[in-house]
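For reference, the structure discussed in these notes is given below.
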Amino acid sequence: MASDPRRANSTKRDRLKRRVWREENVCHLCGQWVDKRLPRYLPGSPTLDELVPISFGGSPFERENVRLCHFWCNRVRGTSPVSMARERLTNPPPRFGADGQRISTELEPVSSRSWLG
């Protein structure tokens, strides 16, 4: 058996990935649009998330268990419950630039006019 069950049957997984990408446009964790044109491994790039993690017995090949999400959101979730991840990711939701990089929402820029009162 392969070390990563998602790669054990790559044809089946690739077919499922194409189906999910065709049917969904929004990250199921943060609720924001996912840019499917971005290359892999950027924070805003698309990836598949298993609702029941593989480590807890979830199947990487069943449509009911797989949803579209951002790479960043998937990493934040890890194996925690979806409800906990949604709480963390919606207050405030993550922002991604056109280049797929995450835009920090912790500190908003201050313009020089703000200093004048």
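So for the sequence shown, the UniProt record's numbering puts the first residue at 1; every next one is plus one.
All C-beta atoms, glycine included, are put in the ideal place defined by N, C-alpha and C.
- Linking N25 to Q32 through their CA atoms gives a straight-line distance of about 8 Å.
- Shown here for C30: same chain residues with a beta carbon closer than 8 Å to its own, the five before and five after excluded, namely C69, H70, C73, R86, L89, T90, P93 and P94 in chain order.
- Going by beta carbons, F96 and P43 fall inside the 8 Å limit.
- Counting every other CB atom within 10 Å of its CB across the protein chains shown gives G57 a total below 16, marking it as exposed.
- When beta bridges are read from the DSSP output, R102 appears opposite F96.
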